[in-house]
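Chemist:
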Amino acid sequence: MLVAPSILSADFGHLDQEVRAICNAGCDLVHVDVMDGHFVPNLTIGPVVVEAVAKAATKPLDIHLMVQNNSFFVDLFAPLKPKYLSFHIEEEKHVHRLIQKIRSYDISPCVVLNPHRGLEDLEYIIDDLDMVLLMSVNPGFGGQKFIPTVLEKAKRLRDLIDKRGAKTLIEVDGGVSDKNIHALKDAGVDVVVAGSYVYGNSDYAKAIERLKV
Ligand code: DX5
Ligand code: ZN
72 MLVAPSILSA DFGHLDQEVR AICNAGCDLV HVDVMDGHFV PNLTIGPVVV
122 EAVAKAATKP LDIHLMVQNN SFFVDLFAPL KPKYLSFHIE EEKHVHRLIQ
172 KIRSYDISPC VVLNPHRGLE DLEYIIDDLD MVLLMSVNPG FGGQKFIPTV
222 LEKAKRLRDL IDKRGAKTLI EVDGGVSDKN IHALKDAGVD VVVAGSYVYG
272 NSDYAKAIER LKV
């Protein structure tokens, strides 16, 4: 299992130290939640702060856009060269076009599905994606309760990906902890995002280690 701690739960008064700490503690990716106050009822950070995060990080960035006007934000964050750039399918009319645009920046495209959303939209784009992010909470805030229906969705997605012989990774975000990590592994999940579980633990390395099942 790859582990991507979400810096949303970090101490923003010491953000560079908090980013270095998770990298030194053995994380695989640094998950950055960008919220615009429109798509979700919360507002987080823009490219100026994410640039500072990128400088402090020794692991690749995994940027999760929770915004309206995805294309504008893709142009804004692409120069920071994240490994993954994820956008919500609920907020995009031209999903295929946006995937190509992200790819043209040499960044791995990822689409995100909210908890209510089925897998139908993925049928004709799965081969173009490097990762699919399944939300296991409603986006907007850290520290929420895990929605267990994501497990069945992940299994179905695993089947779809395997049947197609695609290399697409499955990422799950929200309420991930040592309580559900084995179920996520069994469901075929490749990457977990964990904010409050990692940053709420006094020993980041131990918390990350417990998720690497
Ligand atoms: C929620 C964000 C998550 C959040 C996860 O909208 O996408 O990345 O930070 O936080 P936890 O792990 O605390 O649920
Ligand atoms: Zn996220």
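In terms of our numbering, the sequence shown opens at residue 72 and continues consecutively. Using N, Cα and C, we set each Cβ at its ideal position, and we do this for glycine too.
Does ligand 2 have a heavy atom nearer than 7 Å to the CB of valine 90?
Modeler: Valine 90: no, Cβ never under 7 Å from ligand 2.
Chemist: Report yes if the C-beta distance between glutamine 139 and histidine 109 is below 8 Å; otherwise report no.
Modeler: Yes, the pair counts as a contact, with Cβ atoms nearer than the cut-off.
Chemist: Quick check on the burial criterion: 16 or more other C-beta atoms within 10 angstroms. Buried or exposed for leucine 205?
Modeler: Per the 10 Å Cβ criterion, buried.
Chemist: I'd like the list of long-range same chain contacts for histidine 165, defined as Cβ closer than 6 Å, with 5 residues on each side in sequence excluded.
Modeler: Cβ within range, chain order: n/a, list empty.
Chemist: Taking contact to mean 3 or more Cβ pairs, one atom from each stretch, closer than 8 Å, check whether the region 101 to 116 and the region 229 to 237 are in contact.
Modeler: They do not touch, by the three-pair rule.
Chemist: Does phenylalanine 212 come out as helix, strand or coil in the three-state DSSP assignment?
Modeler: Note: phenylalanine 212 maps to coil in three-state DSSP.
Chemist: Considering only DSSP beta bridges, list what alanine 265 is partnered with.
Modeler: Per DSSP, Pro76.
Chemist: Would you list, in sequence order, the uninterrupted alpha helix (DSSP H) runs of no fewer than 4 residues that lie entirely inside the region 149 to 185?
Modeler: Counting whole runs of 4 or more residues, the region 149 to 185 contains the alpha helix (DSSP H) stretches 166 to 175.
Chemist: With respect to 7 Å, is the separation between the Cβ of serine 77 and the closest non-hydrogen atom of ligand 2 below this value?
Modeler: Yes.
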